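Same order as they appear, the protein sequences are chains A and B. Counting the first sequence from 1 gives a position; the numbering used here is that position plus 101. Counting the second sequence from 1 gives a position; the numbering used here is that position plus 1153. Each remark here refers to the structure printed beneath this line.
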Amino acid sequence: MSTVLILTPIIIGSWPTISAAVVGAAAALGFTMQKAAQEVLQGAKVEEGVQNVEIELAESEILAQSLAVNQQIVLTKGDIRLTVERDARGRCKVCASGKGRSKEELKQAAEEFTQRLTQCFVYNKVMKELKSKSFQVVNEEVTQDQGIRIHVRRWVD
Amino acid sequence: MAQHEVEISISKTGDVKVHVKGAKGKACLEYAQWLTEVIGTVKSQQMTSELYEPEAKSRINLQQNLKVEDDSA
């Protein structure tokens, strides 16, 4: 052994990069992506009993120059809807809403999604960087606790 | 040629554990710095004995020196 690092990820990327992680997280958690996000949002009526919870990824930044105005991703799973967007400060924001759902339930859904989004983002970024340094993947697995383990190797002179 | 290995574990909550193996001294620190820049900020870092071992070429020189001393004794 040489060194062991425990790292807290920072999510910084363009909208396409973030979107790729959003799609991965959505698939992992069984959410379906809505194609026309704006239509869904504009068509959504304010109904009684619909709660809203917003969670901001503190250590995140979506690069502004690559983000079109009002660009959002809307995901649904049953009666829970998640909206992923860039807030005014450039951070990634996840808003959860759902009829008949308590704020606690929505907060839990949003937190679970942001955690999985972070996992997908880190995975995509790490794999890209490892390949750029000519590392070969020896093993890659999803552990029982839903973590991802990557084992890579390279030979150097 | 030396074999450098890295094990990366990404928990479901997004925390990342990186384990650099086989790289010694400066090379090990360079991997740690590079992966920190790629992923985020360091929460904790544990150095192990291998980090302080000399790289392969230096170790061979040391062994040769010891052999010379043994011969002279």
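Think of the CB as a built atom: it goes at the ideal place given N, C-alpha and C, for glycine as much as any other residue. None of these values were measured; they are calculated from a predicted model.
Proximity to residue i [Cα-Cα], best of the options
i: A197 of chain A; options: A:E212, A:E162, A:S120, A:R217; result: A:E212
i: H1157 of chain B; options: B:A1185, B:S1164, B:T1166; result: B:A1185
i: V1195 of chain B; options: A:L108, A:C221, A:K226, A:V253; result: A:L108
i: I156 of chain A; options: A:A127, A:A210, A:T104, A:V223; result: A:A210
i: L183 of chain A; options: A:I112, A:Q247, A:T215; result: A:T215
i: N190 of chain A; options: A:V124, A:V151, A:S161, A:S235; result: Checking the sequence, you will find Arg at residue 190 of chain A rather than Asn. Out of A:V124, A:V151, A:S161, A:S235, A:S161 has the C-alpha closest to the C-alpha of R190 of chain A.
i: S1162 of chain B; options: A:R202, A:S233, A:W256, A:D246; result: A:D246
i: E205 of chain A; options: A:K229, A:Q237, A:Q152, A:R255; result: A:Q152
i: G199 of chain A; options: A:E186, A:V154, A:V253; result: A:V154
Rounded Cβ spacing between residue i and residue j (contact assumed at less than 8 Å)
i: G1167 of chain B; j: T219 of chain A; result: 3 Å
i: C193 of chain A; j: I111 of chain A; result: Not confirmed; about 11 Å, so no contact.
i: M1154 of chain B; j: D258 of chain A; result: 6 Å
Endpoints, the beta strand (DSSP E) within which residue i is located
i: Q209 of chain A; result: Q209 of chain A -> not in any beta strand (DSSP E); alpha helix (DSSP H) instead, spanning 204-233.
i: R190 of chain A; result: Note, R190 of chain A: premise wrong, no beta strand (DSSP E); not H, not E.
i: S1164 of chain B; result: It is not in any beta strand (DSSP E) - S1164 of chain B carries neither H nor E in the DSSP assignment.
i: S244 of chain A; result: Before going on, a small fix: residue 244 of chain A reads as Thr here, not Ser. Counting along the chain, T244 of chain A falls outside any beta strand (DSSP E), and DSSP gives it neither H nor E.
i: L108 of chain A; result: 104-110
i: L176 of chain A; result: 173-178
Opening and closing residue of the alpha helix (DSSP H) in which residue i lies
i: G125 of chain A; result: 116-130
i: E1183 of chain B; result: 1178-1192
- request: Tell me, please, whether the stretch 128-137 of chain A touches the stretch 171-178 of chain A by the rule of three or more beta-carbon pairs shorter than 8 Å.
  value: yes
- prompt: In chain order, what residues of the stretch 1163-1174 of chain B put their CB closer than 9 Å to some CB of chain A?
  reply: Under the 9 Å Cβ criterion, the stretch 1163-1174 of chain B contributes I1163, S1164, K1165, T1166, G1167, D1168, V1169, K1170, V1171, H1172, V1173, K1174.
task: Check each residue of the stretch 103-119 of chain A: if its Cβ is closer than 8 Å to any Cβ of chain B, include it; give the result in chain order.
output: S103, T104, V105, L106, I107, L108, T109, P110, I111
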